[in-house]
Structures are given as C-alpha cells and as structure tokens.
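Here the structure is laid out as structure tokens; the discussion comes afterwards.
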Amino acid sequence: MHQTNNLRAIDLNLLVVLDALIAEQHLSRAAERLNMSQPAVSHALARLRRLLDDPLFTREGGRLMPTLRTLELTLPLSEALSQIRTVLTPAAFDPASRHLFRIAASDFGTSLLLPGMMQRLRQKAPGIDLVVTQASREAMVAAVTDGDIDLALGVFPSLPAQVEAETLFEDSYACLLDPACQPQPFDGLTEALYFDAPHILVAVHGEAATEIDMHLRASRKTRRIALVLPHWSVAPSLVEGTDLILTAARRSLKPAGGRLLTVLPPLPLPVISFSAILHRRRRADPALRWLLSEIREIAAG
1 MHQTNNLRAI DLNLLVVLDA LIAEQHLSRA AERLNMSQPA VSHALARLRR
51 LLDDPLFTRE GGRLMPTLRT LELTLPLSEA LSQIRTVLTP AAFDPASRHL
101 FRIAASDFGT SLLLPGMMQR LRQKAPGIDL VVTQASREAM VAAVTDGDID
151 LALGVFPSLP AQVEAETLFE DSYACLLDPA CQPQPFDGLT EALYFDAPHI
201 LVAVHGEAAT EIDMHLRASR KTRRIALVLP HWSVAPSLVE GTDLILTAAR
251 RSLKPAGGRL LTVLPPLPLP VISFSAILHR RRRADPALRW LLSEIREIAA
301 G
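FYI, the numbering for the sequence shown is 1 to 301, going by UniProt numbering.
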C-alpha cells in the first residue's frame with residue numbers, strides 16, 4: 001500500500017521531461033521537443049531534483065551535463081517509457097496517413113535499399129515522405145542518440161547502450177582491380193601483391209580507421225592508402241586504368257564491368273554486418289516499427 005501511495009504522488013510527466021533533457025542536454029531544446037514553455041520545463045526539473053535528491057544536471061557552457069545519478073537512470077528510464085508507450089500508443093500504424101521519416105545512410109546503403117523502398121512507398125503509402133541524409137558513422141550514431149533522425153542504416157561495430165541495432169544482411173569483402181595495370185604477368189591477387197599495391201579507402205570525413213585496417217593492424221600489417229574519398233558510388237570507376245585496388249562490400253561492386261576484375265581478398269577479413277539502428281525509446285513507435293518491417297523485407301530481397 002505504501003508503494004502504491006508513493007506512485008500516486010509521482011507525476012509521470014516528470015519522467016518524460018527528464019528523458020527529453022537527457023536527450024537534448026539543453027533546456028530550450030527540450031521545451032521545444034515537448035511543446036512546453038521553458039519555465040514549465042525549469043519547474044519540472046526543480047521538482048525532479050527534489051524528488052530524486054540530486055542536481056541531475058550541471059551547466060557547462062550552454063549545455064546541461066548529466067550527473068552520475070542521471071547517467072545511471074538513462075537506460076532504465078528509456079526502457080520504462082518505451083513500455084509505457086507500448087501500452088498507450090496504437091498497436092498499428094496506418095500507412096495511408098501522412099508521415100515524415102528522417103533517415104541517415106551512406107550512399108552504399110541508399111543505393112541498395114532506397115530504390116526498392118521508394119517503389120514500395122509510392123505504391124503502398126504515397127502519403128509518406130522521406131528525408132535521407134549522409135554523415136560519418138559517428139555522426140549518424142549521435143543523430144540517433146539525440147533524436148535528430150529516426151534511424152540510421154550502415155555498419156556500426158560499437159554502439160552506446162541507448163541505441164540498438166537490427167542486422168539487415170551480412171556481406172563479405174571483395175577486391176576490385178584492373179589486371180592489365182598490375183605487375184605482369186598477372187596470375188591472381190596474392191597477399192604480397194595486395195600489400196605492395198596502392199589502395200582506395202572510402203571514408204566520409206577524410207582518413208578513418210576502417211574494419212579492414214583495424215583487422216590488419218591486429219595482425220601487424222598495413223596497406224598503403226593512395227586515395228581517400230567519401231563516395232562509394234564513384235570508387236569503382238577510379239580503378240580502371242590504374243594499379244589501385246578497392247576492397248569493399250561485395251554488393252557494392254556489382255556494377256563493375258569492362259576489363260575490371262572482382263576477386264576474393266588474399267587474406268581473411270571480417271564479415272560485414274549491415275544494420276538499422278534506432279534509439280531504444282523509439283522501439284515501441286508503431287510508425288517506426290512499420291518502416292523497419294518494410295526495410296527488412298527489401299533487404300531480404
């Protein structure tokens with residue numbers, strides 16, 4: 001009975017405010033997110049501080065930095081609100097409704113999934129609009145965490161606790177090269193030739209440590225990167241007529257033709273897991289669940 005009375009004394013809206021403050025780390029942005037006035041959010045924060053007997057946030061510049069107590073609450077709070085939304089929100093999403101989804105993906109991901117996705121949306125759900133942006137892997141994770149986008153599509157080796165991933169498909173690496181420009185006579189891609197050759201690295205923002213290079217470094221090996229560029233779609237066209245080698249996901253190399261050759265890497269490389277990631281607080285969102293089911297079917301096909 002005592003616990004029930006304590007629950008009656010708690011305004012559950014305060015937990016929604018706390019969740020928004022954790023996500024935004026800014027008072028006015030949290031107020032905008034909640035469609036509340038800034039004084040109302042300040043008042044709610046003061047009540048939360050009294051209720052939890054902790055300052056919850058400290059000001060650093062223009063940001064509200066979470067205290068240790070707030071960090072401890074972040075994951076259980078997100079999961080609790082997700083369960084509450086599951087109970088209170090409609091069980092299904094109506095694809096005939098108007099809705100806007102914000103997605104981040106590399107051009108590799110968009111080239112694989114976006115054509116099929118747009119065909120489905122125009123046929124089944126013409127009222128749904130998409131905004132697709134491209135960013136580095138770290139920026140996509142941050143945008144999901146901050147609530148700036150609904151989900152991101154890509155390869156994510158590590159994620160914060162509040163972000164979850166669903167693997168859409170797995171792929172393997174392949175090497176694209178122009179055999180006419182390799183040392184002659186060319187008799188296949190050997191490990192020695194692989195490490196002697198110059199390579200193309202695709203990275204959105206300059207030089208970056210890819211899964212390939214981290215894997216090679218663990219074996220105390222390195223390759224020479226002769227070109228770094230941000231576009232998967234352009235990279236294959238730069239191989240023809242050069243001694244450059246592009247090591248990339250096999251699916252991204254399908255358009256290769258002419259005199260180019262696609263071969264297996266001469267050494268073992270990790271499997272590529274292509275995933276959709278979203279914030280844990282959004283996993284009960286019927287609209288997002290519907291979109292994920294569509295993406296899942298496209299990826300499977």
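Glycine included, each C-beta is placed from N, C-alpha and C at the ideal position.
Every value quoted in this text rests on a predicted model; they were computed, and no experiment measured them.
Three-way DSSP call (helix, strand, coil) for residue i in this model
{"i": "valine 204", "result": "coil"}
{"i": "histidine 26", "result": "coil"}
{"i": "residue 303", "result": "Past the boundaries of the shown model lies residue 303; the chain is included only from 1 to 301, so the question cannot be answered."}
{"i": "glutamine 184", "result": "coil"}
{"i": "leucine 260", "result": "coil"}
{"i": "glycine 116", "result": "helix"}
{"i": "alanine 299", "result": "helix"}
{"i": "aspartate 107", "result": "helix"}
{"i": "residue 320", "result": "Nothing can be reported for residue 320, as the shown portion of the chain is limited to 1 through 301."}
{"i": "leucine 189", "result": "coil"}
{"i": "alanine 165", "result": "strand"}
{"i": "aspartate 129", "result": "strand"}
Rounded separation between residue i and residue j - CA only
{"i": "glycine 62", "j": "glutamine 38", "result": "15 Å"}
{"i": "leucine 21", "j": "alanine 30", "result": "5 Å"}
{"i": "residue 356", "j": "arginine 281", "result": "Absent from the model: residue 356. The displayed extent of the chain is 1 to 301, so no value can be given."}
{"i": "valine 202", "j": "leucine 238", "result": "12 Å"}
{"i": "methionine 117", "j": "alanine 287", "result": "15 Å"}
{"i": "threonine 262", "j": "leucine 130", "result": "34 Å"}
{"i": "aspartate 213", "j": "threonine 190", "result": "18 Å"}
{"i": "phenylalanine 274", "j": "glutamate 32", "result": "33 Å"}
{"i": "leucine 75", "j": "serine 82", "result": "11 Å"}
Cut-off 8 Å between Cβ atoms - residues of its own chain near residue i, not counting five sequence neighbours on either side
{"i": "leucine 48", "result": "Leu14, Val17, Leu18 and Leu56"}
{"i": "valine 141", "result": "Ala152, Phe156, Leu159, Pro160, Val163 and Ile277"}
{"i": "proline 265", "result": "Tyr173, Ala174, Cys175, Leu189, Tyr194 and Thr247"}
{"i": "isoleucine 84", "result": "Leu12"}
{"i": "threonine 67", "result": "Asp54, Pro55, Leu56, Phe57 and Thr58"}
Residue j beta carbon less than 8 Å from that of residue i
{"i": "glutamine 119", "j": "leucine 64", "result": "no"}
{"i": "leucine 176", "j": "leucine 267", "result": "no"}
{"i": "arginine 223", "j": "phenylalanine 195", "result": "yes"}
{"i": "glycine 154", "j": "alanine 23", "result": "no"}
{"i": "leucine 292", "j": "histidine 215", "result": "no"}
{"i": "serine 172", "j": "arginine 283", "result": "no"}
{"i": "tryptophan 232", "j": "serine 78", "result": "no"}
{"i": "valine 144", "j": "threonine 110", "result": "no"}
{"i": "glutamine 182", "j": "aspartate 243", "result": "yes"}
{"i": "aspartate 150", "j": "isoleucine 103", "result": "yes"}
{"i": "leucine 51", "j": "arginine 69", "result": "no"}
{"i": "isoleucine 295", "j": "leucine 114", "result": "no"}
Own chain, CB closer than 7 Å to residue i, minus 5 neighbours either side, in chain order
{"i": "glycine 258", "result": "Glu240"}
Own chain, CB closer than 6 Å to residue i, minus 5 neighbours either side, in chain order
{"i": "alanine 299", "result": "Leu168 and Phe169"}
{"i": "arginine 98", "result": "Gly127"}
{"i": "asparagine 5", "result": "Because the pLDDT at asparagine 5 is just 46, under 50, the model does not fix this residue reliably, and the point stays unresolved."}
{"i": "residue 305", "result": "Residue numbering for the chain in the displayed model covers 1 to 301; residue 305 lies beyond these limits and cannot be assessed."}
CB contact check: residue i to chain B, cutoff 8 Å
{"i": "leucine 48", "result": "In the displayed structure, chain B is absent; only one protein chain is listed."}
query = Enumerated in chain order, which unbroken segments of the beta strand (DSSP E) with a length of 3 residues or greater are wholly contained in the stretch 37-99?
reply = Taking 3 residues as the minimum length, the beta strand (DSSP E) runs contained wholly in the stretch 37-99 are 57-60 and 63-66, in order along the chain.
query = Considering only residues of the stretch 219-252, which uninterrupted beta strand (DSSP E) runs meet the minimum length of 3 residues and lie entirely inside it, listed in chain order?
reply = Counting only runs of 3 or more, we get 224-229 and 245-249.
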